[in-house]
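*Asks:* Before we start, here is the structure in question, set down as structure tokens.
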Amino acid sequence: MKPIQMLAAVASAALLASVSACGSGGSSSTGGSAGGAAGGSTGGSVNIGVSTSLTGSIASFSQSGMQGIQLAVSDLNAGGGILGKKVKVVSADDNLTPATGASNMRSMITNDHVVAMFGPVASSIASAEEQLAAQYKVPIFFHMANDSSLMTKTFTPYAFQIVPNTVMEPRAVADYLAQKIKKGKPITVGTFAPDYSFGHDTVSGFLKALDDLHVNYKVVKQEFPPLAATNIGSYLSALVAAKPDYVFNAQYGGDLDAFTKQAESYGFFKHTTVIGMYGYLDMKALGSQSPAGAIGFDRAPFWAIKNPQMATFVKNYKAKYGDYPSTWATLGYAAVQQWAWGTKKAGSFDGTKLTKVLPGTTPPTILGKLQIRACDHQTETPEYVGTISKTGNSKYNGVHLFDDPMFKAPFDQIALTCAQVKALQP
Amino acid sequence: MDLSAFVTQSIGALSTASSLFIVAAGLTLVFGALRLINIAHGSFYMYGALAATTVVGWFPDSGFWIALIVGPLVALVMGVGVEMGVLRRLYGREHLTQLLATFALLLIFADLALRFWGKNVRSINPPKVVNGNFGLVGARVPAYDMVIIAAAIVVGGGLWLLLTHTTLGWKIRAVVDDPEVLVCSGVNIRMLYTGVFGLGALLAGLAGVVIAPQQAVGPGMDAQIIVAAFIVAVIGGLGSITGAAIGSLIIGIAETLGANLAPSWASTFIYLLMIVVLAVRPWGLLGTPER
Numbered sequence: 000m001k002p003i004q005m006l007a008a009v010a011s012a013a014l015l016a017s018v019s020a021c022g023s024g025g026s027s028s029t030g031g032s033a034g035g036a037a038g039g040s041t042g043g044s045v046n047i048g049v050s051t052s053l054t055g056s057i058a059s060f061s062q063s064g065m066q067g068i069q070l071a072v073s074d075l076n077a078g079g080g081i082l083g084k085k086v087k088v089v090s091a092d093d094n095l096t097p098a099t100g101a102s103n104m105r106s107m108i109t110n111d112h113v114v115a116m117f118g119p120v121a122s123s124i125a126s127a128e129e130q131l132a133a134q135y136k137v138p139i140f141f142h143m144a145n146d147s148s149l150m151t152k153t154f155t156p157y158a159f160q161i162v163p164n165t166v167m168e169p170r171a172v173a174d175y176l177a178q179k180i181k182k183g184k185p186i187t188v189g190t191f192a193p194d195y196s197f198g199h200d201t202v203s204g205f206l207k208a209l210d211d212l213h214v215n216y217k218v219v220k221q222e223f224p225p226l227a228a229t230n231i232g233s234y235l236s237a238l239v240a241a242k243p244d245y246v247f248n249a250q251y252g253g254d255l256d257a258f259t260k261q262a263e264s265y266g267f268f269k270h271t272t273v274i275g276m277y278g279y280l281d282m283k284a285l286g287s288q289s290p291a292g293a294i295g296f297d298r299a300p301f302w303a304i305k306n307p308q309m310a311t312f313v314k315n316y317k318a319k320y321g322d323y324p325s326t327w328a329t330l331g332y333a334a335v336q337q338w339a340w341g342t343k344k345a346g347s348f349d350g351t352k353l354t355k356v357l358p359g360t361t362p363p364t365i366l367g368k369l370q371i372r373a374c375d376h377q378t379e380t381p382e383y384v385g386t387i388s389k390t391g392n393s394k395y396n397g398v399h400l401f402d403d404p405m406f407k408a409p410f411d412q413i414a415l416t417c418a419q420v421k422a423l424q425p
Numbered sequence: 000m001d002l003s004a005f006v007t008q009s010i011g012a013l014s015t016a017s018s019l020f021i022v023a024a025g026l027t028l029v030f031g032a033l034r035l036i037n038i039a040h041g042s043f044y045m046y047g048a049l050a051a052t053t054v055v056g057w058f059p060d061s062g063f064w065i066a067l068i069v070g071p072l073v074a075l076v077m078g079v080g081v082e083m084g085v086l087r088r089l090y091g092r093e094h095l096t097q098l099l100a101t102f103a104l105l106l107i108f109a110d111l112a113l114r115f116w117g118k119n120v121r122s123i124n125p126p127k128v129v130n131g132n133f134g135l136v137g138a139r140v141p142a143y144d145m146v147i148i149a150a151a152i153v154v155g156g157g158l159w160l161l162l163t164h165t166t167l168g169w170k171i172r173a174v175v176d177d178p179e180v181l182v183c184s185g186v187n188i189r190m191l192y193t194g195v196f197g198l199g200a201l202l203a204g205l206a207g208v209v210i211a212p213q214q215a216v217g218p219g220m221d222a223q224i225i226v227a228a229f230i231v232a233v234i235g236g237l238g239s240i241t242g243a244a245i246g247s248l249i250i251g252i253a254e255t256l257g258a259n260l261a262p263s264w265a266s267t268f269i270y271l272l273m274i275v276v277l278a279v280r281p282w283g284l285l286g287t288p289e290r
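If you read the protein sequences in the order shown, they are chains A and V. Residues 0 to 425 (numbering that gives the first Met the number 0) make up the first sequence, in order. Residues 0 to 290 (numbering that gives the first Met the number 0) make up the second sequence, in order.
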């Protein structure tokens with residue numbers, strides 16, 4: 000065999016391996032009793048579906064998002080279930096592939112008769128599943144995937160987004176930065192983001208927000224390493240060599256941890272302020288290597304949201320899983336609360352009825368009372384931005400959190416208006 | 000670009016090249032002697048890295064140095080097992096058959112790794128002595144990059160000594176040219192094959208340990224590295240250790256240049272380069288045309 004033939008064989012073999020080695024192996028269900036028919040009669044159970052990425056660099060937080068959902072369901076069931084039925088969670092791994100996510104969802108709807116879906120991590124998968132939600136008239140709640148086009152360009156009434164989206168998040172960060180920097184002071188900026196729609200959208204959203212806020216900045220380097228690349232050495236050394244004052248990083252999970260450690264080995268944090276999605280899980284993984292002085296943003300930090308329901312949730316979560324909840328667990332829990340509240344209000348598990356009653360309302364969740372905006376079904380969730388503390392917080396396992404005061408970016412300040420949203424919707 | 004930026008990037012490129020070289024050297028060594036494309040080479044690499052994370056978990060202080068021995072040993076044992084249990088029966092078959100067999104092994108090892116180590120990405124810190132950076136003409140250089148580069152030099156030098164200055168090396172080179180003559184001269188060729196294959200696996204395991212403190216360790220790294228290492232080996236010429244060294248340098252530099260000049264195209268750069276080499280010299284820069 001010639002090298003070229005071998006190469007083709009090796010490449011296709013390796014590609015196959017990356018898809019199949021992880022082994023999704025169908026769906027599994029947990030909790031509640033057996034049976035799964037949808038419908039209005041009392042007794043029995045209903046299924047809700049979670050198709051998400053349970054493998055690879057982002058697995059740790061999609062799993063914790065799933066734990067939030069499972070805890071919400073077991074709390075629901077402990078309170079007698081919903082409309083007289085126990086709720087069961089059906090879950091499957093999407094292997095970070097839209098086609099797998101879509102086929103998971105299809106099989107959950109047709110075989111397991113799920114009455115609601117709780118969304119994936121990657122927006123590309125979310126987008127595929129959103130179309131299925133509309134086709135099958137099954138509502139889908141996005142608590143992790145935050146592409147703003149899900150609620151604009153590809154909007155369907157069957158989709159709900161509780162997580163702050165790709166317009167809101169970078170805008171909140173830019174607002175915080177604009178507050179910190181003296182007006183008119185020139186700064187240099189680098190960006191570092193995974194090479195797919197989320198990374199590119201978030202980065203351009205951030206730069207656009209800087210423009211809107213009249214920040215005097217110059218982009219000196221933009222890098223887009225592949226998602227979950229094990230070796231980012233070349234991209235990082237290019238960024239380090241450009242010596243930016245600020246770096247906006249849109250990586251997350253294992254990728255962000257790897258970036259932080261390697262950047263630290265360059266002494267990068269001494270002269271550059273890195274802005275990244277440093278949530279509780281990341282800070283815990285980084286421990287004493289947490290980048291003090293860097294700017295973190297978080298979508299729902301449990302330690303910053305103060306209300307009795309949140310306190311109970313944190314206590315129960317800790318009792319069940321032995322750790323504090325991540326942002327993803329918190330948002331997952333709240334998303335299930337929204338669905339349950341809406342279903343009770345509709346008096347039915349019918350997806351279409353839910354889409355009639357839920358928009359425009361303010362379901363009580365552990366995040367507080369946040370409205371689900373009628374025009375795009377975006378929950379008015381604020382974004383939290385702050386500077387990472389030099390010292391670990393003794394109350395929370397010595398994890399480095401944000402310094403006080405942090406910035407809770409108000410929804411109205413960072414989101415598109417309904418008029419802007421309407422103009423983008425189909 | 001100023002001098003400090005140049006230094007930062009050059010060392011970045013060198014360290015990328017070094018980690019690639021250790022993996023590709025093993026791959027190309029095995030191909031040279033056994034005429035076998037071993038996809039499972041990626042598994043040995045991954046198990047080396049995974050073993051390192053486990054050992055460091057047990058001994059947080061001295062763990063890395065222990066892992067430097069344990070990781071390659073794990074890979075060596077796997078390699079010898081694979082050679083004696085499976086591949087021995089496939090010599091002389093078509094390349095495609097061998098390729099498929101080693102591909103199957105890669106999948107099996109990947110599933111086993113999921114059982115043992117789970118799906119989460121793991122990471123370890125570099126040992127304290129090399130966990131920092133030093134200044135060099137205005138640039139900050141990660142000390143651990145030096146460890147990776149040194150490891151590649153030791154591996155490269157060691158292989159060169161082995162192949163050119165020892166009887167074993169002479170036999171390894173002879174087996175490529177004429178295995179039958181070698182058998183007639185009383186060499187236990189089966190042992191030789193097992194040994195070479197084991198050595199290749201050991202190198203992959205070593206590479207896994209060496210990169211573990213710098214990169215993310217987890218599922219999928221086996222398939223990622225095998226593609227990269229194979230590109231390096233093909234560019235340099237399959238079977239040539241020097242070729243692998245040159246190939247990995249080219250890839251390291253191309254990736255760094257790519258990340259600088261056209262960040263979104265950085266990974267495309269490498270494949271383009273490979274296509275060019277394949278078109279002009281299908282047997283690679285230092286390889287020899289298939290007979």
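Cβ atoms here follow ideal geometry from the backbone N, Cα and C, with glycine treated the same way.
Please state if the CB of A/Phe268 and the CB of A/Gly292 are separated by a distance shorter than 8 Å.
*Replies:* yes
*Asks:* Of all the residues that make up the region 139 to 151 of chain V, which are near chain A by a beta-carbon distance shorter than 7 Å?
*Replies:* Arg139, Pro141, Tyr143
*Asks:* Counting pairs of Cβ atoms below 8 Å between the region 86 to 95 of chain A and the region 351 to 363 of chain A, do you hit three or more?
*Replies:* no
*Asks:* What first and last residue would you give for the beta strand (DSSP E) that runs through V/Asn132?
*Replies:* Segment 132 to 135, the beta strand (DSSP E) holding V/Asn132.
*Asks:* CA-CA distance, V/Leu49 and V/Gly217?
*Replies:* So the alpha carbons of these two residues sit roughly 7 Å apart.
*Asks:* Starting from V/Thr267, follow the alpha helix (DSSP H) in both directions and report where the run begins and ends.
*Replies:* 265 to 279
*Asks:* With a CB to CB cut of under 6 Å and the five nearest residues on each side skipped, what residues in its chain are close to V/Leu272?
*Replies:* Hits under 6 Å: Ala253.
*Asks:* Suppose you measure from the CA of A/Pro169 to the CA of V/Arg88; what does that come to, to the nearest Å?
*Replies:* So the two alpha carbons sit approximately 58 Å from each other.
*Asks:* According to DSSP, A/Asp297 sits in a beta bridge with which residue or residues?
*Replies:* A/Tyr383
*Asks:* Pairs of beta-carbons, one from the region 25 to 32 of chain V and one from the region 52 to 60 of chain V, closer than 8 Å: are there three or more?
*Replies:* no
*Asks:* Taking the straight line between their C-alpha atoms, what separation do you get for A/Ser203 and A/Asn215?
*Replies:* In this model, A/Ser203 and A/Asn215 are separated by some 16 Å (Cα to Cα).
*Asks:* Taking the beta strand (DSSP E) that V/Thr15 falls in, what are its first and last residues?
*Replies:* No beta strand (DSSP E) contains V/Thr15, which is instead part of the alpha helix (DSSP H) from 2 to 33.
*Asks:* A/Asp174 lies in the beta strand (DSSP E); which residues open and close that run?
*Replies:* Element bounds for A/Asp174: not the beta strand (DSSP E) but the alpha helix (DSSP H), 167 to 179.
*Asks:* So which of A/Glu222, A/Ser50, A/Trp327 has the shortest CA-CA distance to A/Ser106?
*Replies:* That would be A/Ser50, whose Cα lies nearest to the Cα of A/Ser106.
*Asks:* Is the number of C-beta pairs between the region 63 to 70 of chain V and the region 175 to 193 of chain V that are closer than 8 Å three or more?
*Replies:* no
*Asks:* I'd like the list of long-range same chain contacts for V/Trp264, defined as Cβ closer than 8 Å, with 5 residues on each side in sequence excluded.
*Replies:* Gly257
*Asks:* Measuring straight from C-alpha to C-alpha, what distance separates A/Thr109 and A/Ala173?
*Replies:* When the Cα atoms are used, A/Thr109 and A/Ala173 turn out to be separated by approximately 44 Å.
*Asks:* Using a beta-carbon distance below 8 Å, is V/Met83 in contact with chain A?
*Replies:* no
*Asks:* Distance, Cα to Cα, A/Ala328 vs A/Phe197?
*Replies:* 21 Å
*Asks:* Compute the Euclidean distance between the alpha carbons of V/Met52 and V/Phe115, then round it to the nearest angstrom.
*Replies:* Rather than Met, the amino acid found at residue 52 of chain V in this sequence is Thr. One C-alpha to the other measures close to 12 Å.
*Asks:* State the DSSP-derived secondary structure class of A/Tyr277, mapped to helix, strand or coil.
*Replies:* coil
*Asks:* Could you work out which residues of chain A lie near V/Lys118, taking near to mean beta carbons separated by less than 9 Å?
*Replies:* Cys21, Leu53, Thr54, Gly55, Ala58, Ser59, Gln62, Asp92
*Asks:* Is there a Cβ of chain V sitting closer than 8 Å to that of A/Ala257, yes or no?
*Replies:* yes
*Asks:* Using the C-alpha atoms, what's the distance from A/Val219 back to V/Ala261?
*Replies:* 13 Å
*Asks:* Go ahead and pull the three-state DSSP assignment for V/Gly185.
*Replies:* coil
*Asks:* Taking C-beta to C-beta, are A/Met167 and A/Leu131 nearer than 8 Å?
*Replies:* no
*Asks:* Which residues in chain V sit within 7 Å of A/Gln69, going by Cβ to Cβ distance?
*Replies:* The premise fails here: A/Gln69 is roughly 17 Å from chain V at the closest Cβ pair, so nothing lies under 7 Å.
*Asks:* Tell me the rounded alpha-carbon separation between V/Ile171 and V/Leu26.
*Replies:* 15 Å
*Asks:* Relative to the alpha-carbon of V/Val76, which residue among V/Ile224, V/Phe196, V/Phe63 has its alpha-carbon at the smallest distance?
*Replies:* Comparing alpha-carbon positions, the option among V/Ile224, V/Phe196, V/Phe63 lying closest to V/Val76 turns out to be V/Phe196.
*Asks:* Thinking C-alpha only, which one of A/Asn306, A/Thr271, A/Phe296 is nearest A/Asp281?
*Replies:* For A/Asp281, the nearest C-alpha among the options comes from A/Phe296.
*Asks:* Between which two residues does the alpha helix (DSSP H) holding A/Asn248 run?
*Replies:* Note, A/Asn248: premise wrong, no alpha helix (DSSP H); beta strand (DSSP E) at 245 to 248.
*Asks:* Using C-beta distances below 8 Å, list every residue in its chain close to A/Phe406, excluding the 5 sequence neighbours before and after it, in chain order.
*Replies:* Contacts found: Ala171, Asp174, Tyr175, Gln178, Tyr383, Val384, Gly385.
*Asks:* Could you confirm whether any beta carbon from chain V is found closer than 8 Å to the beta carbon of A/Phe247?
*Replies:* Against chain V, the CB of A/Phe247 has no partner CB under 8 Å away; the residue lies outside that interface.
*Asks:* Determine the chain A residues that contact V/Met220 at a beta-carbon separation under 7 Å, and present them in chain order.
*Replies:* Thr229
*Asks:* Taking CB distances under 8 Å as the criterion, tell me whether V/Ala258 reaches chain A.
*Replies:* yes
*Asks:* So, is A/Lys260 buried or exposed, given that buried needs 16 or more other C-beta atoms within 10 angstroms?
*Replies:* Per the 10 Å Cβ criterion, buried.
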